[in-house]
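To keep things clear, I will list the structure first and then write my remarks on it.
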DNA sequence: AATATAATTTAGTTTAAACTAAACTATATG
DNA sequence: CATATAGTTTAGTTTAAACTAAATTATATT
């Protein structure tokens, strides 16, 4: 496994995208619709990072671009992630984490507790 | 495994420290001596991060503080890291990576290529 | 008590990551 | 051709991470 993989997995946002394309391919638009708190551009950039790290691959069909995970790039880490995603408690943690780690200018919603 | 573990593993510096305390405990000073391009303070802060992530634990003996890895916190990732460290090619990659990802003010040495 | 050694903590700086808004490319449709 | 749709890219902003230098804590030694 490449160190770049560990870098890519460090971001909750990228882990969330990876989860979305894990079981089947999704268009960039569908992925964006699943995370309406960020712009389409932001999603596109994170998709690029994931592709560069080798965790995700893409194909173009007509106007759409379909992304899907490459679990083989993760080796044994794939199973760890699957276990995380199956764990309901972990889902709540991820939601909290996405809230906490929001970045960039002009947070649209009320900010809650700001990571301690 | 906690997501915090993935965050901690994202930093080449922390991975290097983890490697140093993997097979046996080391004092903070010994760890610092192994990475003379950063200050003692910087090493101490990264050690704190690793302890907070649960990847490393510490004990105090007289004036010294001994750190050691907690491989059980990594689960199957432990083996992946060990494989990385055993791989001579990967060692070269790490060296390059540490060079590339240097941060903070006043880089003491000539900077080489600055990440592409 | 003074000094040395080992390490942590604090305050401030630099850099890179994550983001936004807007410009852009490409494909489809009336 | 004009307009809509799908997506990427660029330029610039904000935040957090990684760092430094200096202050601080704690323990040992003379």
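Residue numbers (the working numbering), protein chains in the order written: chain F, 1 to 116; chain P, 1 to 116.
All C-beta atoms in this analysis are idealised placements derived from N, C-alpha and C, irrespective of residue type, glycine included.
None of these values were measured; they are calculated from a predicted model.
Beta-carbon proximity list for residue 20(F), same chain, < 7 Å, skipping 5 on both sides = Same-chain partners within the cutoff: 26, 31 and 34.
- [ ] Going by DSSP, name the residue or residues bridged to residue 60(F).
- [x] 65(F)
Compile a chain-ordered list of the residues in the stretch 5 to 30 of chain P whose CB is closer than 8 Å to at least one CB of chain F. Close to chain F, meaning a Cβ-Cβ distance shorter than 8 Å, are the following residues of the stretch 5 to 30 of chain P: 6, 7, 9, 10, 12 and 15.
N- and C-terminal bounds of the alpha helix (DSSP H) containing residue 47(P):
Under the DSSP assignment, residue 47(P) falls in the alpha helix (DSSP H) whose first and last residues are 40 to 52.
- Quick one: which chain F residues come within Cβ less than 8 Å of residue 41(P)? None at all; the shortest Cβ gap to chain F is about 22 Å.
- Task: Run the CB neighbour count on residue 55(P), radius 10 Å, all protein chains shown included, and call it buried at 16 or more, exposed below.
- Result: buried
**Asked** Given that residue 75(P) touches chain F, what residues does it touch there, using C-beta distances under 7 Å?
**Response** 80
Answer yes or no: do residue 42(F) and residue 51(F) have a C-beta to C-beta separation smaller than 9 Å? No; because the gap between Cβ atoms is not below 9 Å, this pair is not in contact.
Starting from residue 36(F), trace the alpha helix (DSSP H) in both directions and tell me its first and last residue. It is not in any alpha helix (DSSP H) - residue 36(F) carries neither H nor E in the DSSP assignment.
Inset, instruction - Report the residue from 80(P), 39(P), 53(P) and 70(P) whose alpha carbon sits nearest the alpha carbon of residue 24(P). - result: 70(P)
**Request:** Can you tell me which of 29(F), 72(F), 78(F) and 53(F) puts its alpha carbon nearest to the alpha carbon of residue 65(F)?
**Result:** 29(F)
Residue(s) in a DSSP beta bridge with residue 27(F) = 66(F)
Between which residues of its own chain and residue 85(P) is the CB-CB distance below 6 Å, once the five residues before and five after are set aside?
Contacts found: 19.
Item to complete: Measure how close the beta-carbons of residue 7(F) and residue 78(F) come, nearest whole angstrom, since I'm counting them as under 8 Å.
Response: At roughly 17 Å, the Cβ-Cβ gap does not stay under 8 Å, so residue 7(F) and residue 78(F) are not in contact.
Open item on the list: Just to confirm my understanding: we take residue 73(P), look at its own chain, exclude 5 residues before and 5 after, and list those with CB closer than 7 Å. What are they?
Closed with: Within the same chain, residue 73(P) has close Cβ partners 5, 54 and 55.
Note to self: Any beta carbon from chain F within less than 9 Å of residue 36(P)'s own beta carbon?
What the structure shows: By this cut-off, residue 36(P) is not an interface position.
Taking only beta carbons into account, state which residues of the stretch 62 to 74 of chain P come closer than 8 Å to chain F, listed in chain order.
Going along the stretch 62 to 74 of chain P in chain order, one finds no residue with a Cβ nearer than 8 Å to chain F.
Practice problem: Tell whether a beta-carbon distance below 9 Å holds between residue 76(F) and residue 80(P). | Solution: yes
Q.
Here's the rule: buried if 16 or more other CB atoms are within 10 angstroms of the residue's CB, otherwise exposed. What is residue 47(F)?
A. buried
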